[in-house]
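Student: A single structure is presented below for examination.
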Ligand code: BTN
């Protein structure tokens, strides 16, 4: 049997957040915390409830990718029930990235970059990915599940498939030591709640604006790809709804939204 690594009391003792992390649904092993999070919204799970797992057997990334979730990482999803129109909720995806970037800089003194739409990078490699999934009803938000996958206490070369190790890093690799997962999670919950409250009070433009301060790809020639398309251009901006604004090679301006990934960002 695997050794339990996460101590929930240590997460919740002294937790400064009022809603985020007050209720933790914890699993040593689960298919996907996002899938479970979506399920429990149907049973009335309160805003701020988190689903936390030590390992996931079917963790999901963006664009239908698999997300490898070995022991030692921080894999969790947070349930939100914002009273927003669907069009005002698109920027929520930046909440997680902004909170992670700020917490990593503050706790470990590292230089963090973000990559559109929601990767967090250390030394040009991905340390954290975020999968935001929304349920809408009549153009209003029913619920949002924000899934955070943070590579913390493991060495990618030892546990991830070879093809991922060129792009992926972990806190252990970048810092040269393991980190306290409980303290890290507590700080993330506190920061996410603050960012979320700012989002509700001031709107997405403010949060996206803060997020852009970490975005290294702006002002660079980049390539974005989706399943069916590849687009190259100069990354001009990310607008208040979270769309990437590209100046294409023929001078046209294109607003990129949805299931695209930035491919050639060498941050
Ligand atoms: C990505 O970069 O493609 C997003 C990765 C998101 C992974 C997290 S781990 C916790 C939560 N549960 C999942 O199945 N996915 C997210």
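Residue numbers (this note's numbering): 17 to 283.
All C-beta atoms, glycine included, are put in the ideal place defined by N, C-alpha and C.
Please read these numbers as outputs of a predicted model, since none were measured by experiment.
What beta strand (DSSP E) runs, 3 residues minimum, are completely inside the region 206–259?
Tutor: 237–241, 246–254
Student: Between residue 147 and the rest of its own chain, which residues show a CB-CB distance below 7 Å, the 5 nearest in sequence each way excluded?
Tutor: Working through the chain shown from its first residue, we reach residue 147 at position 131. Closer than 7 Å at the Cβ level, and outside the excluded window around residue 147, lie 50, 76, 77, 78, 163.
Student: If I follow the unbroken alpha helix (DSSP H) through residue 51, where does it start and stop?
Tutor: As a position in the chain shown, residue 51 is number 35, starting the count at 1. Counting along the chain, the alpha helix (DSSP H) containing residue 51 begins and ends at 49–57.
Student: What do you reckon, are the CB atoms on residue 201 and residue 195 nearer than 8 Å?
Tutor: Taking the first residue of the chain shown as position 1, residue 201 is located at position 185. Taking the first residue of the chain shown as position 1, residue 195 is located at position 179. Not in contact: residue 201 and residue 195 (Cβ atoms no closer than 8 Å).
Student: If you draw a straight line from the alpha carbon of residue 220 to that of residue 261, how long is it in whole angstroms?
Tutor: Walking along the chain shown from the start, residue 220 turns up at place 204. Walking along the chain shown from the start, residue 261 turns up at place 245. When rounded, the distance between both Cα atoms is 16 Å.
Student: Please go through the same chain and pick out, in chain order, the residues whose beta-carbon is closer than 6 Å to the beta-carbon of residue 190, but skip the five residues on each side of it.
Tutor: For the purposes of this step, residue 190 is identified with residue 174 of the chain shown, where counting begins at 1. Correct list, in chain order: 138.
Student: Residue range of the beta strand (DSSP E) that residue 115 falls in?
Tutor: Indexing the chain shown from 1 puts residue 115 at position 99. Run containing residue 115: none in the beta strand (DSSP E); it sits in the alpha helix (DSSP H), 109–124.
Student: Is the beta carbon of residue 72 closer than 8 Å to that of residue 85?
Tutor: The residue labelled residue 85 in the question sits at position 69 within the chain shown. The residue labelled residue 72 in the question sits at position 56 within the chain shown. Result yes, Cβ atoms of residue 85 and residue 72 sit closer than 8 Å.
Student: Which two residues bound the contiguous beta strand (DSSP E) that contains residue 72?
Tutor: In the chain shown, the residue the question calls residue 72 occupies position 56. Per DSSP, residue 72 belongs to the beta strand (DSSP E) from 66–72.
Student: Starting from the C-beta of residue 276, find all residues in its chain whose C-beta is less than 7 Å away, skip the five residues before and the five after it, and write them out in chain order.
Tutor: Taking the chain shown and counting its residues from 1, one reaches residue 276 at position 260. Within the same chain, and ignoring the five residues on either side of residue 276 in sequence, the residues whose Cβ sits closer than 7 Å to its Cβ are 240, 241, 242.
Student: Taking DSSP as the reference, what is the three-state secondary structure of residue 179?
Tutor: The count along the chain shown starts at 1 and reaches residue 179 at position 163. In this structure, residue 179 counts as helix in the three-state DSSP scheme.
Student: Output needed for residue 119: all residues of its chain with C-beta closer than 8 Å, excluding positions within five of it in sequence on either side, in chain order.
Tutor: As a working note, residue 119 is residue 103 in the chain shown. The answer, listed in chain order, is 200, 203, 204, 207.
Student: Which of the three DSSP states, helix, strand or coil, is assigned to residue 195?
Tutor: Here residue 195 corresponds to residue number 179 of the chain shown, with the count starting at 1. Three-state result, residue 195: coil.
Student: Answer with buried or exposed for residue 111, where buried requires no fewer than 16 other C-beta atoms within 10 angstroms of its C-beta.
Tutor: Locating residue 111 in the chain shown gives position 95, counting from the first residue. So residue 111 counts as buried.
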